[in-house]
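Participant:
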Amino acid sequence: MEQLEERLKSETPIYPIFLGAANYIAKTQFIDRIKIEEQKSIDFIGIKTIININHIKDLKIDFKKQRLVKEKMPIDFLKGRNPKKSQSFIYDENCNEVFIITEKEYYNYNGKNILFI
Numbered sequence: 004m005e006q007l008e009e010r011l012k013s014e015t016p017i018y019p020i021f022l023g024a025a026n027y028i029a030k031t032q033f034i035d036r037i038k039i040e041e042q043k044s045i046d047f048i049g050i051k052t053i054i055n056i057n058h059i060k061d062l063k064i065d066f067k068k069q070r071l072v073k074e075k076m077p078i079d080f081l082k083g084r085n086p087k088k089s090q091s092f093i094y095d096e097n098c099n100e101v102f103i104i105t106e107k108e109y110y111n112y113n114g115k116n117i118l119f120i
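Written out as C-alpha cells, the structure reads:
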C-alpha cells in the first residue's frame, strides 16, 4: 500500500490510468489516505464506481434516470503494456449510482459505495 501511495503522490503509475477507451487517459491527484472497512450485502446497494459485470448478481435499472454503458477494458498487461486479459464493465454515463446485488466485498466512504474491479 505504501508503494501505491508513493506512486500516486509522485504521479508515476505502473500502468496508464484511464477511464474507458484509450483516449480517456486519466490524471490522478493524491488527496489523502483513509481507512475503510470491507462490507457485504445481500440487498441492492448503489455503486458509484465502474462495475465488473462478473460481480453483478442482480441489477436494478431506472430507465428514466440512467444511461448504462458497457465497455471492455484490459485488467492485465504483457510487457510493453500490451493487453493480456480484458473484462466487461458497466457504469452510468450520467454519473448516477448503479444499484446491484453483489457477493463481492465493497467499501463505503462518505456515504458512497466503492466496488474495486
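Everything in the sequence shown is counted per my numbering, starting at 4 for the first residue and increasing by one.
Glycine is no exception: its CB is placed at the ideal position from the N, C-alpha and C atoms.
None of these values were measured; they are calculated from a predicted model.
Under a CB-based cut-off of 8 Å, is asparagine 55 close to chain C?
Facilitator: Absent here is chain C; the protein component of the structure consists of one chain.
Participant: Within the chosen definition, does the segment 28-38 reach the segment 72-88 through at least 3 CB pairs nearer than 8 Å?
Facilitator: With the cut-off at 8 Å, the segment 28-38 and the segment 72-88 do not touch.
Participant: Going by DSSP, name the residue or residues bridged to serine 13.
Facilitator: Walking along the sequence shown from the start, residue 13 turns up at place 10. DSSP lists no partner for serine 13.
Participant: Report buried or exposed for tyrosine 116, applying the criterion of at least 16 other Cβ atoms within 10 angstroms of its Cβ.
Facilitator: As a working note, residue 116 is residue 113 in the sequence shown. Correcting the residue identity first, residue 116 is asparagine in this sequence and not tyrosine. Label assigned to asparagine 116: buried.
Participant: Using CA atoms only, rank isn't needed, just tell me which of Glu8, Ile53, Ser91 is closest to tyrosine 109.
Facilitator: The residue given as residue 109 occupies position 106 in the sequence shown. Answer by Cα proximity: Ile53.
Participant: Suppose you measure from the CA of methionine 60 to the CA of glutamate 9; what does that come to, to the nearest Å?
Facilitator: Here residue 60 refers to the residue found at position 57 of the sequence shown. Here residue 9 refers to the residue found at position 6 of the sequence shown. The residue asked about is misnamed: residue 60 is lysine in this sequence, not methionine. Roughly 35 Å between the two C-alpha positions.
Participant: Where do the N-terminal and C-terminal ends of the beta strand (DSSP E) with serine 44 fall, by residue?
Facilitator: Stepping through the sequence shown from its first residue, residue 44 is reached at position 41. Here serine 44 belongs to no beta strand (DSSP E), and DSSP marks it neither H nor E.
Participant: Can the beta-carbon of isoleucine 104 be found closer than 8 Å to that of isoleucine 56?
Facilitator: Your numbering for residue 104 matches position 101 in the sequence shown. Your numbering for residue 56 matches position 53 in the sequence shown. No, the pair does not count as a contact, with Cβ atoms beyond the cut-off.
Participant: Would you mind sorting valine 72 into buried or exposed? The rule is 16 or more other CB atoms within 10 Å of its CB.
Facilitator: Working through the sequence shown from its first residue, we reach residue 72 at position 69. Exposed is the call here.
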